[in-house]
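In UniProt numbering, the protein residues as written are 1 to 182.
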């Protein structure tokens with residue numbers, strides 16, 4: 001039987017998103033609380049040494065935040081348009097989960113005791129769409145992210161470290177999950 005390899009992660013991007021005041025839609029038919037958060041500004045920049053040259057600002061974006069009925073977690077869905085420094089436009093989308101703990105709630109409520117959280121309180125998977133050119137390769141990859149909420153004097157921003165999920169080429173195995181030999 002062939003050895004299977006475990007997926008690995010390669011640091012790819014650092015994203016910083018600055019939220020604007022949210023629109024509180026309210027309780028939906030499935031019991032979730034829906035808020036829509038415009039993204040007022042932000043950046044997504046390639047990590048040093050990463051092979052895809054992204055140095056982009058957010059031109060437009062929003063985050064649909066759905067708080068589950070138990071209020072223990074929120075599901076997020078960000079859609080944005082990035083403008084790379086060379087003028088190329090790219091769509092940027094991610095879905096994720098945020099743990100609604102005391103530290104996160106202090107930030108959302110604007111508490112004077114709010115402090116920057118550690119990475120891992122929010123996780124996501126990220127996809128891109130791009131036209132022809134050097135950023136087209138973004139479409140053929142899946143990125144995963146881990147975020148923290150950074151408290152500043154006048155609010156907060158979301159900082160996400162995003163990594164390329166890399167898996168070795170599939171190798172056939174014996175057994176029920178073997179590759180088709182047709």
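Ideal placement from N, C-alpha and C gives every residue a C-beta, glycine not left out.
Three-state class that DSSP yields for residue i in the structure shown
i           : result
residue 85  : coil
residue 158 : strand
residue 115 : coil
residue 208 : What is shown of the chain runs 1 to 182, which leaves residue 208 out entirely.
residue 132 : coil
residue 69  : coil
residue 153 : coil
residue 63  : strand
residue 1   : Residue confidence is low: residue 1 scores 44 on pLDDT, short of 50, so the model does not pin down where it sits. Its coordinate-derived value is still stated next. Reduced to three states, the DSSP call for residue 1 is coil.
Contact under 9 Å by Cβ, residue i with residue j
i           : j           : result
residue 163 : residue 48  : no
residue 77  : residue 92  : no
residue 149 : residue 13  : no
residue 74  : residue 62  : no
residue 108 : residue 84  : no
residue 104 : residue 19  : no
residue 45  : residue 17  : no
residue 31  : residue 68  : yes
residue 39  : residue 60  : yes
residue 128 : residue 147 : no
residue 72  : residue 99  : yes
Where the beta strand (DSSP E) containing residue i begins and where it ends
i           : result
residue 50  : Counting along the chain, residue 50 falls outside any beta strand (DSSP E), and DSSP gives it neither H nor E.
residue 197 : The shown model of the chain, from 1 to 182, leaves out residue 197, and the question about it has no answer.
residue 138 : Per DSSP, residue 138 belongs to no beta strand (DSSP E) and is neither H nor E.
residue 8   : 8-19
Segment limits, alpha helix (DSSP H) that includes residue i
i           : result
residue 102 : 102-109
Cβ separation of residue i and residue j, assumed to be a contact under 8 Å, to the nearest whole Å
i          : j           : result
residue 56 : residue 82  : 4 Å
residue 65 : residue 138 : Residue 65 to residue 138, Cβ: 25 Å. No contact.
residue 42 : residue 15  : 7 Å
residue 34 : residue 165 : Their Cβ separation, rounded to whole angstroms, is 29 Å, which puts residue 34 and residue 165 out of contact at 8 Å.
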